[in-house]
Structure formats: structure tokens, C-alpha cells
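Have a look at the structure below before the remarks.
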Amino acid sequence: MRNSYPQAKFLLSCPSLKGCPDDQGFEVIFAGRSNAGKSSAINTLTLQNKLAKVSRTPGRTQHLVFFELDENRRLVDLPGYGYAKVPERIKRQWHIDMSEYFEKRRCLAGAVLVMDVRRPLTKFDQMMLDWCVSINLPTQILLTKSDKLKKGAASNALLKVRRAIESHPYVEV
């Protein structure tokens, strides 16, 4: 795989922004609905099956999880939005933390917006996409779970997403 990062290692998991690494270098976030495949995408990118914890249960990632690629670059696995079996107050706190992260984190260099190809561009996906666009954050949309669809349906979903983001600068599928 070209552009893989087998040297990546777990750095830390923090429940709030207070415990984040220093705001230096470059961070790319992996954002998406609960159970969209964010952790699996990180594992694929790093060629490591167990770097990011993967679960079949939605909402397992409940902290910001940082992975170090080198001393200047990190991947960040964000809690999923949408379904998660957590109290409403925790969901509200996640929203506050994510808002603060997007607004204040100077090292935020890009986003990978992970979407299940069977349910692309949900209301929450669109909100996250709009958020990324509003701060001119380079964003890559990653459609996952295409193996769950027939080839024609997967192609149609890809086309639908491409059409929906045509007008968004800094966004690719």
C-alpha cells in the first residue's frame, strides 16, 4: 500500500481537550458516525490490525485517541456521532469538545470523513462536512463497507456523494 504508516503507534487517549498533546505539528482527524469504520480505516492505513481498537458495537470510541506517525504528525480517532449508548450529558460534552477542538486546534491539518456507503451523507455527516468547509479544512470522504453492496449500488452511492460535494472546495471522495 502506497502512503501507509506501519511505524504508527498509540500515543494517548483523552476524554477532553485538556489532555491533548501539545498543539504543534500536524493532525488529521478521522470523523464519522458511530460504527462507520473509523478505527478500521486507521488500522488499514497503518498496516496494523490492532492499533486502533475496533468493535461491532457502535459508540465504543468515547475519547479522542491519538496515534503518532512521527514526532510532527498524528492521526486522531474521534468519537462517532449519531448512535452511541451513552448518557445525553456525555453526548453534549462531546459536542462541546469537538467544537472547541475545531475552533482552537492550530495543528489540525485535515479530516477524513468516514461514511458507511449504505448510508452516506446523513444529517450528521453533512453537519461535519459543513464544519470542515467553514474552516477551509482539507477533507477526504472515505466510503466504507462497499463489500456489503452490489457493485452497481456502490457505484451509485459514490456518484451521489460526488455530486453532493461538487461545490465544496477542499473536499474529495
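By our numbering, the letter at position 79 of the sequence shown is numbered 79, and the numbering carries on one by one without gaps.
Note that CB positions come from ideal geometry on N, CA and C, so glycine has one too.
Query                                                                                                                                                       : Result
Taking the alpha-carbon of S167 as reference, which of E71, S134, L149 has the nearest alpha-carbon?                                                        : S134
If you scan the region 101-172 from start to end, which runs of the alpha helix (DSSP H) of 4 or more residues do you find wholly inside it?                : 123-134, 151-165
I'd like to confirm the pairing. Which residues does DSSP put opposite S4 in its beta bridges?                                                              : Bridge partners of S4: none, in fact.
What does E68 pair with, by DSSP beta-bridge criteria?                                                                                                      : K9, R74
Could you tell me which of V114, Y170, D125, M128 sits nearest to K145, measuring between CA atoms?                                                         : V114
Can the beta-carbon of C132 be found less than 8 angstroms from the beta-carbon of D23?                                                                     : no
Using the Cβ count rule (16 or more neighbours within 10 Å means buried), how would you classify K38?                                                       : buried
If you draw a straight line from the alpha carbon of W94 to that of L159, how long is it in whole angstroms?                                                : 32 angstroms
Grab me the residues of L12's own chain with a C-beta within less than 6 angstroms of its C-beta, minus the 5 sequence neighbours each way, in chain order. : F66
In this structure, does DSSP put G19 in helix, strand or coil?                                                                                              : helix
Can you tell me the Cα-Cα spacing of E68 and K9, whole angstroms?                                                                                           : 5 angstroms
Using only alpha-carbon positions, find the residue among E100, A52, L143, V54 that is nearest to V112.                                                     : L143
From the DSSP output, read off the bridge partner residues of G32.                                                                                          : V114
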